[in-house]
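Quick note on numbering: this note's numbering labels position 62 of the sequence shown as 85, and the sequence is numbered without any gaps.
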Amino acid sequence: MNMNFRIAPDSIQKLSLLDDTLRFEPAGDQPMAERSASPSRAPKPLPCISEVTTPTGKKPILKAMMTTACERNCFYCPFRAGRSRTRRITYTPDEMARTYDIIHRAGLVDGLFLSSGIIKGGVSTQDKLIDAAEILRKRYNYRGYIHLKIMPGAEYDQVRRAMQLADRVSINLEGATAERLAALAPKKDYWNELFPRLQWMSELRRKEGLRAGIVTQFVVGAVGDTDLELLQVSEHLYSRLGLRRTYFMAFHPVIQTPFESLPPVSPQREFRLYQASFLLRDYGWSIEDLPFLRNGNLPLDVDPKLAWAREHLLGHPIDVNRAERHELLRIPGVGPKLADAILAARRRGRIREIGHLVALGLRDVEKASPFLLLDGKPATQQLRLLDFPTAPSLPRTCG
Ligand code: SF4
């Protein structure tokens, strides 16, 4: 903890006790990076502050809970009722807002992610979350980023108020279906407590123009769920309810929970799910396009877009000068920005060289070229003749 800032020690001590228990609750655009401690990074001033990637750059975000006590018993959760190893810490709304204001003014954080265990029901708990955000906005005149959790069973007016106060709201479905949720969290009710709240959020955005983005999260791999199930519900949430993001959390066992002896799920599975979900959200793909194995999961050893291209485009490369946007988006290494840049460049003249594509933003020439025709010829011919520098491909994107 950084002792160079003069603030109320009790509040800060409580934040220290929160530790980084919310590291598995993603808040930004690179959820896997949020929870991996990079050795090159400076030590955090408080363990519950995470570097989060947002559309406006990386920000230190405080991930806090109104209370780490909970009356529910979700099988995977460190905060579940009766778990003696969990230190129970509770804030009043006033105290949470004041504490955040202090560390924000000290320059330690630039955003708040606020969740809670459930005590005396979802409605009462939601009131406390809303009160904390309300105090922060009104008394402390805070204009920055707030992500508020919506509690299972929260009322319609509470969801509306949360969306008026926050930049982002979320309620975790946890399971892809009601049956999967029952196996993960027997006291949560998919169709009565969770899914309708996502529908309300979507309706409030549509009908009342509320701008808060909507996200949800799934626990992956603890109870036999398949990637097909998870991506089917994600596709529905993107296309019908306009969710900004579905997060996937590869299951990891927590001691002193009913799932403590289950094996952890590979982070690679989580990574492939993200790649596939971006194809559904941003690339115009449908579930039928994804290369599922017979067990309903994606192959772990290959990016789903590359697997599709190897099956469908080898021997039938895409002509960069004639393809429609949705066809360009089938080429490994070509994302929405590059597809748009190619279309704009074509209006100025033909694209004849790989170097032209590199100048437009193609990062991984070797990955893309087997699936491209340039000026009627396979792009791989140019690759053999010329030694183009290949910029490193970024993790997390599908391209
Ligand atoms: S309701 Fe939330 S905090 Fe409580 S046990 Fe379930 S996941 Fe954990």
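For every residue, glycine included, the Cβ atom is placed at its ideal position computed from N, Cα and C. In this text, all values refer to a predicted model and were calculated from it rather than measured experimentally.
Cβ-heavy atom distance, residue i to ligand 1, below 7 Å
| i | result |
| --- | --- |
| Phe-282 | no |
| Asn-215 | no |
| Gly-140 | yes |
| Cys-100 | yes |
| Cys-71 | no |
| Arg-103 | yes |
| Arg-95 | yes |
| Ala-208 | yes |
Continuous alpha helix (DSSP H) stretch holding residue i: start and end
| i | result |
| --- | --- |
| Glu-258 | 250 to 264 |
| Leu-233 | That residue, Leu-233, is in no alpha helix (DSSP H); it is neither H nor E in DSSP. |
| Ile-365 | 359 to 369 |
| Thr-148 | 144 to 161 |
| Arg-348 | 348 to 351 |
| Leu-204 | 201 to 207 |
| Val-388 | 388 to 391 |
| Leu-329 | 327 to 335 |
Cβ shell of residue i (< 8 Å), same chain only, five flanking positions each side left out
| i | result |
| --- | --- |
| Glu-252 | Ala-199, Thr-200, Arg-203, Gly-319 |
| Met-24 | The pLDDT assigned to Met-24 is 42, lower than 50, so where the model puts this residue is not dependable; a value taken from the coordinates is nonetheless given after this. So the list reads Ile-35, Ser-39, Pro-68, Leu-69, once near-sequence residues are dropped. |
| Ile-341 | Glu-350, Leu-351, Arg-353, Ile-354, Phe-394, Leu-395, Leu-396 |
| His-379 | Ala-368 |
Close Cβ partners of residue i (< 7 Å) along its chain, the five nearest in sequence each way excluded
| i | result |
| --- | --- |
| Pro-243 | Before going on, a small fix: residue 243 reads as Val here, not Pro. If we look at Val-243 and ignore the five residues flanking it on each side, its Cβ neighbours are Leu-253, Phe-271, Met-272, Ala-273, Phe-274, Val-288, Arg-292, Glu-293, Leu-296. |
| Ser-63 | For Ser-63, the pLDDT reaches just 49, beneath the cut-off of 50, and the residue's location in the model is therefore unreliable, leaving the point undetermined. |
| Arg-106 | Gln-279, Thr-280 |
| Asp-117 | Ile-158 |
| Leu-361 | Leu-383, Gly-384, Leu-385 |
| Gly-176 | Gly-144, Gly-145, Val-146, Glu-216 |
Residue i versus the options, residue with shortest Cα-Cα distance
| i | options | result |
| --- | --- | --- |
| Leu-207 | Ser-39, Arg-386, Ala-245 | Ala-245 |
| Arg-128 | Glu-94, Gly-145, Leu-85 | Leu-85 |
| Gly-338 | Pro-219, Ala-402, Arg-371, Ile-374 | Ala-402 |
| Glu-258 | Gly-247, Pro-101, Arg-304, Pro-68 | Arg-304 |
| Ala-346 | Ala-299, Val-325, Leu-302, Phe-394 | Phe-394 |
| Leu-397 | Val-381, Asp-387, Ala-391, Ile-377 | Ile-377 |
| Leu-171 | Ala-87, Glu-334, Ile-365, Asp-324 | Ala-87 |
| Ser-309 | Leu-352, Gln-149, Asn-215, Leu-221 | Leu-352 |
| Arg-333 | Ser-225, Pro-314, Leu-323, Val-343 | Pro-314 |
| Ile-153 | Met-119, Arg-268, Ser-284, Leu-131 | Met-119 |
| Glu-178 | Leu-233, Leu-260, Pro-78, Leu-217 | Leu-217 |
| Asp-133 | Thr-79, Pro-49, Leu-329 | Thr-79 |
| Lys-161 | Ile-125, Leu-137, Leu-188, Gln-222 | Leu-188 |
| Gly-130 | Ser-300, Gly-167, Lys-211 | Gly-167 |
| Val-357 | Val-381, Arg-371, His-335 | Val-381 |
| Gln-240 | Gly-247, Ala-330, Asp-387, Leu-221 | Leu-221 |
Residue span of the beta strand (DSSP E) that contains residue i, given as start and end
| i | result |
| --- | --- |
| Gln-240 | 236 to 243 |
| Glu-376 | No beta strand (DSSP E) holds Glu-376; DSSP gives it neither H nor E. |
| Val-277 | Per DSSP, Val-277 belongs to no beta strand (DSSP E) and is neither H nor E. |
| Lys-86 | 80 to 88 |
| Arg-268 | 268 to 273 |
| Val-132 | Element bounds for Val-132: n/a, residue is neither H nor E. |
| Lys-172 | 169 to 172 |
| His-300 | Residue identity check: residue 300 is Ser in the sequence provided, not His. Premise fails: Ser-300 lies in the alpha helix (DSSP H), 290 to 305, not in any beta strand (DSSP E). |
| Glu-74 | 72 to 77 |
| Leu-395 | 395 to 397 |
| Arg-106 | Premise fails: Arg-106 is in no beta strand (DSSP E) and is neither H nor E. |
Spatial neighbours of residue i in its chain, beta-carbon cut-off 6 Å, leaving aside the 5 residues before and after
| i | result |
| --- | --- |
| Glu-311 | none |
| Arg-111 | Thr-91, Ala-92 |
| Arg-183 | Leu-227 |
| Ser-34 | Thr-122 |
| His-349 | Gly-307 |
| Lys-81 | Glu-74 |
| Ser-392 | Ala-402, Thr-403, Leu-406 |
| Val-277 | Pro-101 |
| Lys-151 | Met-89, Pro-116 |
| Ile-126 | Val-132 |
Near ligand 2: residue i beta-carbon under 7 Å from a heavy atom
| i | result |
| --- | --- |
| Gly-130 | Ligands present in the displayed structure are limited to ligand 1, and ligand 2 is not among them. |
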